Amino acid sequence: MNHQPAYEDEIDLLEYWDVIWRRKKIVLSLFFISVFTTTVVSLLLPNYYRATTTAMATGPETGGLGAALSSSPLAGVLAGATGIQTPGDKVMVILKSRTTAEVVIRKFDLLKVFNHDEWNASRGTWKDPADPPFMEDAVKKLTKDITTFRKTKEGAVTVTVEWKDPGLAADMANYYIAALTGFLNKKSINITIQVVDRAVPAERKSRPTIRMNILLAGIMSLFVGVFSVFFLEYLQKARTVRRRKNRESDNAELAEKPEA
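Next comes the structure, spelled out in structure tokens:
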């Protein structure tokens with residue numbers, strides 16, 4: 010008696026496997042189509058390269074507590090808990106600003122880089138002068154899609170740029186720090202920026218990661234395939250039950266009719 014549940018579970022598993030095996034062509038077809046499509050798309054996508062520059066922001070703090078926070082290795086954590094703004098917090102605001110983004114865009118002529126299909130290089134004008142790209146769109150693309158800003162718990166700030174040209178990605182990351190320094194000097198803000206690591210052109214691409222894409226596509230296609238075969242099995246059983254009930258109903262009606 011104690012072995013009954015285990016026996017029933019074994020039967021259920023065999024039934025599930027039987028359903029999958031009978032419709033294995035669906036599962037395998039979805040798997041191979043998904044893997045093949047993902048491989049082709051991944052190979053056709055442009056390669057992107059990531060470059061990161063790291064800097065420390067130091068400056069005078071108001072009060073003894075501020076100075077203590079600035080010299081502490083947990084400056085970011087303690088500052089957040091006490092509500093005091095550290096130099097790192099201030100430079101993060103500047104780095105993420107539209108003003109800094111526009112400086113970088115103009116430095117590298119990114120309007121043309123981002124919209125190269127709309128630029129007529131031979132004439133030196135936009136293909137549609139009445140509808141040129143907007144600076145606002147370039148700022149959004151640069152700050153939201155291409156550049157990542159982060160402040161570590163030690164107080165360092167990092168600027169990471171991901172772009173199709175590894176050299177341009179490194180140049181943009183480094184120039185962000187140069188633009189930051191220029192802004193601080195122009196506004197006479199008493200914060201010193203010390204570069205810890207300059208960005209260098211990446212030798213390996215950051216994306217697309219073909220192996221990971223293929224792996225995820227394969228796993229997802231297997232899930233979809235298994236779900237599909239069970240759903241089809243459910244529909245088939247539902248149709249079978251409905252037909253059986255219809256036949257039983259017809260037979261019952263025939264049995265109730267009086268013989269002529």
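Residue numbers for the sequence shown follow our numbering, so the first one is 10 and each next one is one higher. Using N, Cα and C, we set each Cβ at its ideal position, and we do this for glycine too. All of these numbers come straight from a predicted model, not from anything done at the bench.
query, result
"Proximity of residue 216 and residue 57 at Cβ, strictly below 8 Å", "yes"
"Residues near residue 156 by beta carbon distance below 6 Å, same chain, minus five either side", "170"
"C-beta atoms of residue 184 and residue 116 nearer than 8 Å", "yes"
"Simplified DSSP state of residue 200, which is helix, strand or coil", "coil"
"Residues that DSSP places opposite residue 166 in a beta bridge", "64 and 160"
"Ordered list of beta strand (DSSP E) runs contained in the stretch 103-184, each at least 3 residues", "156-160 and 165-172"
"CB of residue 112 within 8 Å of CB of residue 151, strictly", "no"
"Residue environment, residue 61, which counts as buried when at least 16 other CB atoms sit within 10 Å", "buried"
"DSSP beta-bridge partners of residue 98", "Residue 98 pairs with nothing; no bridge assigned."
"contact_flag[the stretch 134-153, the stretch 31-49] where n(CB pairs < 8 Å) is 3 or more", "no"
"Local conformation of residue 59 per DSSP, three classes", "strand"
"Check: residue 112 C-beta below 7 Å from any heavy atom of the ligand SAH", "Judged by which ligands are present, the structure shown has none, so any question about the ligand SAH falls away."
"Buried versus exposed, by CB contacts within 10 Å (16 or more), residue 186", "buried"
"Three-way DSSP call (helix, strand, coil) for residue 207 in this model", "coil"
"Beta-bridge pairing of residue 216 - partner residues as DSSP gives them", "57"
"The stretch 40-60 / the stretch 163-178 touching (three or more Cβ pairs under 8 Å)", "yes"
"C-alpha gap between residue 127 and residue 242, whole angstroms", "52 Å"
"Distance, residue 110 Cα to residue 135 Cα", "22 Å"
"Alpha-carbon to alpha-carbon, residue 95 and residue 75", "Because residue 75 sits at a pLDDT of 47, beneath the cut-off of 50, its placement in the model cannot be relied upon, and the point is left open."
"Residue 158 and residue 105 closer than 8 Å at C-beta", "yes"
"Beta-carbon proximity check, residue 28 vs residue 238, cutoff 8 Å", "yes"
"C-beta atoms of residue 130 and residue 100 nearer than 8 Å", "no"
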